[in-house]
Amino acid sequence: MTAAGLREPPAAKALLIAAAVIYIAVMLLLPLGAVLYEALRQGWNAWVSAVTDSDARESIKLTLIVAAISVPLNTIFGIAAAWAVAKFQFRGKTALIALIELPFSVSPVVSGLVFVLLFGAQGWFGPWLERHDIRIIFALPGLVLATLFVTFPFVARQLIPLMSAQGSADEEAALTLGASGWQAFWRVTLPNIRFGLLYGVLLCNARAMGEFGAVSVVSGHIRGETNTMPLQVEALYNDYDFVAAFAVASLLALLALVTLALKSALEWRYREELAAIH
Amino acid sequence: MPSASPGRSSPLPGFGLSLGITILWLSLIILIPLSAVFVKSGSEGWHVFWAAAASPRALAAYRLSFGAAALAAAMNCLFGLLLAWVLVRYTFPGRRLLSAVIDLPFALPTAVAGIALTALYADTGIIGRFLEAAGLPVAYRPAGVVLALTFIGLPFVVRTVEPVLAAASSEVEEAALTLGATRLQTFWRVVLPTVAPALATGFALAFARGAGEYGSVIFIAGNVPYKSEIAPLLIVTQLEEYNYAGAAAIACVMLLISFALLLLLNLLQHWQQRRMA
Chain A
228 MTAAGLREPP AAKALLIAAA VIYIAVMLLL PLGAVLYEAL RQGWNAWVSA
278 VTDSDARESI KLTLIVAAIS VPLNTIFGIA AAWAVAKFQF RGKTALIALI
328 ELPFSVSPVV SGLVFVLLFG AQGWFGPWLE RHDIRIIFAL PGLVLATLFV
378 TFPFVARQLI PLMSAQGSAD EEAALTLGAS GWQAFWRVTL PNIRFGLLYG
428 VLLCNARAMG EFGAVSVVSG HIRGETNTMP LQVEALYNDY DFVAAFAVAS
478 LLALLALVTL ALKSALEWRY REELAAIH
Chain B
2 MPSASPGRSS PLPGFGLSLG ITILWLSLII LIPLSAVFVK SGSEGWHVFW
52 AAAASPRALA AYRLSFGAAA LAAAMNCLFG LLLAWVLVRY TFPGRRLLSA
102 VIDLPFALPT AVAGIALTAL YADTGIIGRF LEAAGLPVAY RPAGVVLALT
152 FIGLPFVVRT VEPVLAAASS EVEEAALTLG ATRLQTFWRV VLPTVAPALA
202 TGFALAFARG AGEYGSVIFI AGNVPYKSEI APLLIVTQLE EYNYAGAAAI
252 ACVMLLISFA LLLLLNLLQH WQQRRMA
């Protein structure tokens, strides 16, 4: 904004800013406030007893376990995919990137359905699994698979543009100086991409812990056993136990707020990483 | 910088390993499971597929899911452009906070968004009370679906339009003003055409997300068959009735529409890159 003529009249500018702020306040902040208000509606003690209830505790534990398995797996995959796509030229690269981003355009319900079709009682491997007494659907492995599906692209999508832009001159220099491939990766690539990587892991984790549709299809909704936190919220809500539902939901809302705060903090470091490209 | 060299002649190691892991993981987690939808939906013949995929109830569900997603995406284009404009062109106290809050729908679990919106917009809620009194009820009807999808889709449009608006040089706008155009004319004739491809991309992203959305919608929708039942919910209902082929058939239709959208999206991005170049 340099030329004076490009500025809107101050009144128009103020009006536009006010409209933007009011829209965000009503559309986004009010629902967030509603979660906290409803959660604490019957006081602090009701909130504490709702989140320390044994089913709620189990759901928190399960959510943490599912995220602890699926986030590292998709992080390793994301780094491998970004290394292949960003550091090498090969045919079919564009198609590969499109396939990696595919889960973003698949409905969460379909993401869960695919595993029911494979491993459910009437699925392809259902009878075989039953004979060998292996449970995938309505059990932890199903929850992990559905979460892996929906969080698949997060890390890769963050790293591919970053590593492509950084090129491979640094790694080549390290190799010339006698480093092995792994040394070049650990000592050169990883420090170069650390904020982009953290950013991707953060978003991947938020989605893994908050996923609802995909895990809902494979969970079987057994309380204290296969209900993750979002599923526990639904179960309590459908019981008309609103205070408890919003209490568990408020924990997820806090997770979202922490994610947003860390995300904003990482964002400018990540931009520095992108900007520091030679 | 070496970039045009084929993979095998790049001095860096690890091409085979990294591409191998990528393709293996992609096949195991995404491609093989997805193929199960297509195989299963065709497993009981064309007639069974068609009866499930094109039943009046399914058609009503597609109409609601895709129609509400389109309306919500259009709403988000309007307000997304406003927000992107305000964030890029103006400095004011709280701008960074506003920018951070816009990503809330990405971070907030959808089930939480769903029950929060329902609490606000039901006839006992603080907004729903007034809407009810004004004869414009939102909760437990299709309008509730549009509301939830508007919540979910906002960041897609803002985050696609923002960088384009920031990169657009103001020189062209200045030239238009010098030549006697009013500020509004400049907006319609210069700014809007510049951001049009980004706006279209944002629309497509929000639309694709909205059409498949489940968690934020089911609490506020009412879920009455033929009226307020979204397509993903119908898939869940079919599954609960152990009608796997029926669920797969509806999923198949939704996947095909999503893939067509994805193709369109890639074309749009191509268009945008050519514009920017």
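Order-wise, the sequence lines are chains A and B.
Residues in the first sequence are numbered consecutively from 228, following this note's numbering.
Residues in the second sequence are numbered consecutively from 2, following this note's numbering.
Note that CB positions come from ideal geometry on N, CA and C, so glycine has one too.
On a predicted model such as this, the values are computed, not experimentally measured, just so you know.
List, in chain order, every chain A residue whose beta-carbon is nearer than 7 angstroms to that of residue i.
i                 : result
Ser141 of chain B : It should be noted that the sequence gives Tyr, not Ser, for residue 141 of chain B. Going along chain A, no residue has its Cβ under 7 angstroms from Tyr141 of chain B, so there is no contact; the nearest lies around 14 angstroms.
Leu121 of chain B : Leu257, Pro258 and Ala261
Lys228 of chain B : Residues of chain A passing the Cβ test: none, with the nearest at roughly 19 angstroms.
Pro94 of chain B  : Result: empty, since nearest Cβ-Cβ is about 10 angstroms, beyond 7 angstroms.
Phe80 of chain B  : Tyr250
Ala101 of chain B : Leu487 and Ser491
Quick check: residue i and residue j, are their CB atoms within less than 8 angstroms of each other?
i                 : j                 : result
Thr374 of chain A : Ala441 of chain A : yes
Phe340 of chain A : Val40 of chain B  : First, the residue type needs correcting, since residue 340 of chain A is Leu and not Phe in the sequence shown. No, the pair does not count as a contact, with Cβ atoms beyond the cut-off.
Leu429 of chain A : Leu493 of chain A : yes
Phe152 of chain B : Ala209 of chain B : no
Ala476 of chain A : Val262 of chain A : yes
Ala252 of chain B : Ala62 of chain B  : no
Gln273 of chain B : Thr202 of chain B : yes
Ala222 of chain B : Pro457 of chain A : no
Tyr215 of chain B : Ser334 of chain A : yes
Ala207 of chain B : Ala73 of chain B  : yes
Leu389 of chain A : Phe342 of chain A : no
Leu370 of chain A : Ser446 of chain A : yes
Which bits of chain B does residue i rub up against, with CB to CB less than 7 angstroms?
i                 : result
Val460 of chain A : Ala112, Val113 and Ile116
Val341 of chain A : Pro34, Leu35, Ala37 and Val38
Val293 of chain A : Residues of chain B passing the Cβ test: none, with the nearest at roughly 13 angstroms.
Leu345 of chain A : Pro34 and Ala37
Glu265 of chain A : Ala120
Ala476 of chain A : Val113 and Ile116
Applying a beta-carbon distance threshold of less than 8 angstroms, which residues of chain A neighbour residue i?
i                 : result
Tyr63 of chain B  : Simply none; closest approach about 12 angstroms.
Asp104 of chain B : Leu487 and Lys490
Pro138 of chain B : What Pro138 of chain B touches in chain A: nothing, since even the nearest Cβ is about 17 angstroms away.
Val146 of chain B : Those within 8 angstroms of Val146 of chain B in chain A number zero; the least Cβ separation is about 14 angstroms.
Leu83 of chain B  : Leu243, Ala246, Ala247 and Tyr250
Asn267 of chain B : Ala325
Using a cut-off of 8 angstroms between C-beta atoms, extract the partners of residue i located in chain B.
i                 : result
Trp413 of chain A : Chain B residues near Trp413 of chain A: none, gap ~12 angstroms exceeds 8 angstroms.
Gly408 of chain A : Leu13, Pro14 and Gly15
Val377 of chain A : Within 8 angstroms Cβ-Cβ: nothing; Val377 of chain A doesn't reach chain B, min ~10 angstroms.
Val470 of chain A : Going along chain B, no residue has its Cβ under 8 angstroms from Val470 of chain A, so there is no contact; the nearest lies around 11 angstroms.
What in chain B is Cβ-close to residue i, meaning under 9 angstroms?
i                 : result
Trp351 of chain A : Ala37, Val40 and Lys41
Ser446 of chain A : Under the 9 angstroms cutoff, chain B gives no residues; its nearest Cβ is about 12 angstroms from Ser446 of chain A.
**Request:** Output, in sequence order along the chain, the residues in the segment 202-221 of chain B whose CB is closer than 9 angstroms to any CB in chain A.
**Result:** Leu206, Ala209, Arg210, Ala212, Gly213, Glu214, Tyr215, Gly216, Ser217, Ile219 and Phe220
**Prompt:** Does the segment 425-436 of chain A come close enough to the segment 82-102 of chain B to have 3 or more Cβ pairs within less than 8 angstroms?
**Reply:** no
**Asked** Touching or not, the segment 322-332 of chain A and the segment 27-41 of chain B, by the rule of three or more beta carbon pairs under 8 angstroms?
**Response** yes
**Item:** Cβ contact (3+ pairs, closer than 8 angstroms) linking the segment 120-138 of chain B and the segment 435-454 of chain A
**Value:** no
**Request:** Closer than 7 angstroms, Cβ to Cβ, to anything on chain B: give me those residues from the segment 479-492 of chain A, in chain order.
**Result:** Leu479, Ala480, Ala483, Thr486, Leu487, Lys490 and Ser491
**Prompt:** Are there three or more Cβ pairs, one per stretch, closer than 8 angstroms when the segment 376-385 of chain A is compared with the segment 348-368 of chain A?
**Reply:** no
**Asked** Using a beta-carbon distance cut-off of less than 8 angstroms, what residues from the segment 235-264 of chain B approach chain A?
**Response** Ile236, Val237, Leu240, Tyr243, Tyr245, Ala248, Ala249, Ala252, Met255, Leu256, Ser259, Phe260, Leu262 and Leu263
**Request:** Compile a chain-ordered list of the residues in the segment 296-320 of chain A whose CB is closer than 7 angstroms to at least one CB of chain B.
**Result:** Phe304, Ala307, Ala308, Trp310, Ala311, Lys314, Phe315, Gln316 and Phe317
**Request:** Using a Cβ-Cβ cut-off of less than 9 angstroms, list which residues of the segment 149-170 of chain B approach chain A; keep chain order.
**Result:** Thr151, Phe152 and Leu155
**Prompt:** Using 8 angstroms as the threshold, is the segment 146-160 of chain B in touch with the segment 236-256 of chain A, meaning 3 or more CB pairs across them?
**Reply:** yes
**Request:** Identify each residue in the segment 231-254 of chain A for which the Cβ-Cβ distance to at least one residue of chain B is less than 7 angstroms, and report them in chain order.
**Result:** Gly232, Leu233, Glu235, Lys240, Leu243, Ile244, Ala246, Ala247, Val248, Tyr250, Ile251 and Met254
**Any 3 or more C-beta pairs closer than 8 angstroms across the segment 352-364 of chain A and the segment 226-241 of chain B** = no
**Message:** Using 8 angstroms as the cut-off, can you tell me whether the segment 180-198 of chain B makes contact with the segment 135-152 of chain B, which would need three or more C-beta pairs spanning the two stretches below that distance?
**Reply:** no
**Near-chain A residues of the segment 48-73 of chain B - C-beta to any C-beta below 8 angstroms** = none
**Request:** Could you please tell me which residues of the segment 359-373 of chain A, in chain order, have their CB closer than 7 angstroms to any CB of chain B?
**Result:** none
**Prompt:** Does the segment 267-287 of chain A come close enough to the segment 462-481 of chain A to have 3 or more Cβ pairs within less than 8 angstroms?
**Reply:** yes
**Request:** Spell out a yes or no on whether the segment 394-409 of chain A and the segment 171-185 of chain B are touching, meaning 3 or more CB-CB pairs, one atom from each, closer than 8 angstroms.
**Result:** no
**Prompt:** Going along the chain, which residues of the segment 376-406 of chain A sit with their C-beta nearer than 9 angstroms to a C-beta in chain B?
**Reply:** Phe376, Phe379, Ala383, Gly394, Ser395, Ala396, Glu398, Glu399, Leu402 and Thr403
**Message:** Using a Cβ-Cβ cutoff of 7 angstroms, what residues of the segment 427-440 of chain A are near chain B? List them in chain order.
**Reply:** Ala433, Gly437, Phe439 and Gly440
**Asked** Along the segment 177-191 of chain B, what residues have a CB closer than 8 angstroms to any CB found in chain A?
**Response** Leu178, Thr179 and Arg184
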